[in-house]
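K.L.:
Chains as they are written, first to last, in the numbering used here: chain A, 21 to 164; chain B, 21 to 164. First, the structure itself, so that you have it in front of you.
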DNA sequence: AATATTTCCGATAAATTTGTCCGAAATAAA
DNA sequence: TTTATTTCGGACAAATTTATCGGAAATATT
């Protein structure tokens, strides 16, 4: 469904958010350790998310990644998916046609658009804060 | 969403089905020409679908691919997706966790399972016959 | 100023997916 | 039986994604 890069990115942001809730800044090594993702690759993805201003980073000793509470309430899953995977998940045709719309639809178009809309809505109505508090409360996990 | 192999496979089967509705058997070259997919790669995918008994093939002159009307009413999109992409689209965790279920869910689990269920239901309730008749009636297209 | 720590970022490597080629096997027709 | 046609299937090639490495840049502490 999502690329590996996107999976790592979402897991990383959720972990950073939970630590930020406790006012702790985290290093890339911590992120990798606590999300079970490859460190160097995750660093790449976090660099991308930093450039997109989705997460804040600081270099040097006592540096690392952090996310303000107000920001984690604004940022939705769709923002992260869009930053990493682009809009293919929203616009792409189920059968890979370059143009596919209500006027000239592929045979799956109608039904597919409906399901994809549900996915989109889910991503657009879920904030990082929602996910971080759920993890913080021990109601979910990030590794395994 | 789906792999290229899967996209080509579904397009190919729909095309074969519409031709079978007119009692015409089609060669791999016809399939490629009328679905806009790479011939050799599509042949590979059709070989897989043939082994899965999703489509019928005959070698030699006047050979090709065909699909009986009764069969195209039985075969659902989910059968094709499963044959080519496996069950990852149904079972896989949104965040890539190897184990993720209601007892030990990732933070996205609940919402994701719901959306994925809709996708699954859509695939399981759509037959090839449905799609082929829609194409035959000129209500949709397979290329572009 | 020197040092240690940490993110940033480009180069490279490995793995997977996508795509091509070509000869073997099957089969219908002459 | 020969020939032409067509799918089958393995080997290979290209492209993309995933993953690693190492040095540059920034910065806090001493």
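In this text, a Cβ means the ideal position worked out from N, Cα and C, and glycines have one as well.
On the three-state DSSP scale, how would you describe residue 84 of chain A?
P.N.:
strand
K.L.:
Please confirm whether residue 76 of chain A and residue 162 of chain A have their CB atoms less than 8 Å apart.
P.N.:
Taking the C-beta atoms as reference points, residue 162 of chain A is found no nearer than 8 Å to residue 76 of chain A.
K.L.:
Can you tell me which of B:23, B:22 and B:131 puts its alpha carbon nearest to the alpha carbon of residue 97 of chain A?
P.N.:
B:131
K.L.:
For residue 77 of chain A, write down the residues that DSSP places opposite it in a beta bridge.
P.N.:
A:85
K.L.:
Would you mind working out which of A:135, A:39 and A:91 sits nearest residue 109 of chain A, comparing C-alpha positions?
P.N.:
Of the candidates A:135, A:39 and A:91, the one whose C-alpha sits nearest the C-alpha of residue 109 of chain A is A:135.
K.L.:
Identify which residue in B:159, B:100 and B:126 has its Cα closest to the Cα of residue 31 of chain B.
P.N.:
B:100
K.L.:
May I ask which residues mark the beginning and end of the alpha helix (DSSP H) holding residue 142 of chain B?
P.N.:
Element bounds for residue 142 of chain B: 129-144.
K.L.:
So, is the C-beta of residue 119 of chain A closer than 8 Å to a C-beta in chain B?
P.N.:
yes
K.L.:
Of the residues that make up the stretch 103-131 of chain A, which ones have a beta carbon closer than 8 Å to any beta carbon in chain B?
P.N.:
109, 112, 114, 115, 116, 117, 118, 119, 120, 124, 125, 126, 127, 128, 129 and 131
K.L.:
Can you say whether residue 107 of chain B is buried or exposed, counting buried as having 16 or more other CB atoms within 10 angstroms of its CB?
P.N.:
exposed
K.L.:
Specify, as a first and last residue, the run of the alpha helix (DSSP H) that residue 50 of chain B falls within.
P.N.:
48-55
K.L.:
Identify every residue that forms a DSSP beta bridge with residue 147 of chain B.
P.N.:
B:96
K.L.:
Roughly how many angstroms separate the alpha carbons of residue 63 of chain B and residue 119 of chain A, rounded to a whole number?
P.N.:
24 Å
K.L.:
Closer than 6 Å by C-beta to residue 65 of chain A: which residues in its own chain qualify, once you throw out the five before and the five after it? Chain order, please.
P.N.:
Excluding residues within five positions, the ones whose Cβ falls inside 6 Å are 25, 28 and 29.
K.L.:
Consider the Cβ of residue 146 of chain B: report whether some Cβ of chain A lies at a distance smaller than 8 Å.
P.N.:
yes
K.L.:
Starting from the beta carbon of residue 135 of chain B, find every residue of chain A whose beta carbon is closer than 7 Å, and list them in chain order.
P.N.:
Chain A residues near residue 135 of chain B: 138, 139 and 142.
K.L.:
Check the Cβ-Cβ distances between residue 85 of chain B and every residue of chain A, and say whether any is below 8 Å.
P.N.:
no
K.L.:
Relative to the alpha-carbon of residue 41 of chain A, which residue among A:93, A:146, A:112 and A:117 has its alpha-carbon at the smallest distance?
P.N.:
A:93
K.L.:
Output, in chain order, the set of chain B residues within a Cβ distance shorter than 8 Å of residue 164 of chain A.
P.N.:
117, 118, 119, 120 and 124
K.L.:
Span of the alpha helix (DSSP H) holding residue 240 of chain A?
P.N.:
Here chain A covers residues 21 to 164 and nothing more, so residue 240 of chain A does not appear.
K.L.:
Pull up the distance between the alpha-carbon of residue 164 of chain A and that of residue 122 of chain B, whole angstroms please.
P.N.:
C-alpha separation (whole angstroms): 14 Å.
K.L.:
So, helix, strand or coil for residue 161 of chain B, using DSSP?
P.N.:
coil
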